[in-house]
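Here the sequence shown stands for residues 1 to 195, where the numbers follow our numbering. For each residue, glycine too, the CB sits at the ideal point set by N, CA and C. Just so we're clear, the structure is a prediction, and the values are computed from it rather than from any experiment. Notes follow once the structure below has been shown.
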Amino acid sequence: MMRKFFCLVLLSSSLQAFEKRPWMGDFLQFEFVPSFTYRRYPSVNRAIHPTHYSSNDRFTNLDLKVALLPSCDLELDVEFADTRKQSLGAQSAGMQLRYRWWDDIPGGDAVTWTSGVNIRWVSTRSLQDVSCPYHYTWNFEVVNALGKEFMPSGNFFLRPYVFVGVGQAILGSPWIRGVAALEMSYKDRHTVQLF
Numbered sequence: 001m002m003r004k005f006f007c008l009v010l011l012s013s014s015l016q017a018f019e020k021r022p023w024m025g026d027f028l029q030f031e032f033v034p035s036f037t038y039r040r041y042p043s044v045n046r047a048i049h050p051t052h053y054s055s056n057d058r059f060t061n062l063d064l065k066v067a068l069l070p071s072c073d074l075e076l077d078v079e080f081a082d083t084r085k086q087s088l089g090a091q092s093a094g095m096q097l098r099y100r101w102w103d104d105i106p107g108g109d110a111v112t113w114t115s116g117v118n119i120r121w122v123s124t125r126s127l128q129d130v131s132c133p134y135h136y137t138w139n140f141e142v143v144n145a146l147g148k149e150f151m152p153s154g155n156f157f158l159r160p161y162v163f164v165g166v167g168q169a170i171l172g173s174p175w176i177r178g179v180a181a182l183e184m185s186y187k188d189r190h191t192v193q194l195f
């Protein structure tokens, strides 16, 4: 049971493409981040029509980020889905706006803390697909992230951080999601994340 729960948390976190780390990019620097997620499941618990439903799902995210002010960033995201129910089509589009309250890197604060809001539109066709992780056509979420950067040497750094999001769609129940992660980077080229 716990294994299924952790798999669900990891999958739902990977499908929400907005930035979870509290650190922001450089002022007025655009960052384009495409990503791809593959997911396969042999059946759906308590499926009715059909009773044995399996799928190989592919999700492509196109994400554009920019720091509009030194302590504020905007992120736009479009997600495409290729599942058993829908062939490569737009599943959702969203926008996230974040504000950085504290900054541990150049600011000298103890930690970096960001808060933000995001809004996501989901196509009605996608909502009829069991592969869609979203609750309804319009989804809203308030997010917070807290992290600290450690630099034991000039070429290596560690970044532990936590992320919490509380959301509500127009219909349905509210949700809470969270991520705790450790990011390790060598020469700012090779990065490993544990979450």
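Could you tell me which of R84, N61 and D73 sits nearest to S54, measuring between CA atoms? R84
V122 beta carbon less than 9 Å from that of E141: no
Is K65 near the ligand HEM, in the sense that its beta carbon is under 8 Å from a heavy atom of that ligand? In the structure on display, the ligand HEM does not appear, and there are no ligands present to speak of.
Touching by the beta-carbon criterion (3+ pairs, under 8 Å), the segment 167-180 and the segment 126-133: no
For the beta strand (DSSP E) that L97 lies in, which residues bound it at each end? G89 to W102
Answer with buried or exposed for V143, where buried requires no fewer than 16 other C-beta atoms within 10 angstroms of its C-beta. buried
Give the single residue among K187, W102 and S43 whose Cα lies nearest to the Cα of N155. K187
By DSSP, does L76 sit in helix, in strand, or in coil? strand
Just to confirm, is the Cβ distance from Q86 to E19 under 9 Å? no
Within its chain, find whatever has a CB closer than 6 Å to the CB of L28; leave out the 5 residues flanking it on each side and keep chain order. none
Contact set for V33: own chain, Cβ-Cβ below 6 Å, skip 5 residues either direction: D63
To the nearest angstrom, how far is the alpha carbon of T191 from that of M24? 17 Å
Pull the bridge partners of T60 from the DSSP assignment, please. F36 and F80
Check each candidate in R40, H135 and Q193 and name the one with the smallest Cα separation from S227. Past the boundaries of the shown model lies residue 227; the chain is included only from 1 to 195, so the question cannot be answered.
Would you say N61 and S35 are within 9 Å of each other, going by their C-beta atoms? yes
Please name the residue, chosen from E79, W175, V164 and N118, that lies closest to F59 on a Cα-to-Cα basis. E79
Since T137 is in the beta strand (DSSP E), which residue starts that stretch and which ends it? Segment: none, T137 is in no beta strand (DSSP E) and carries neither H nor E.
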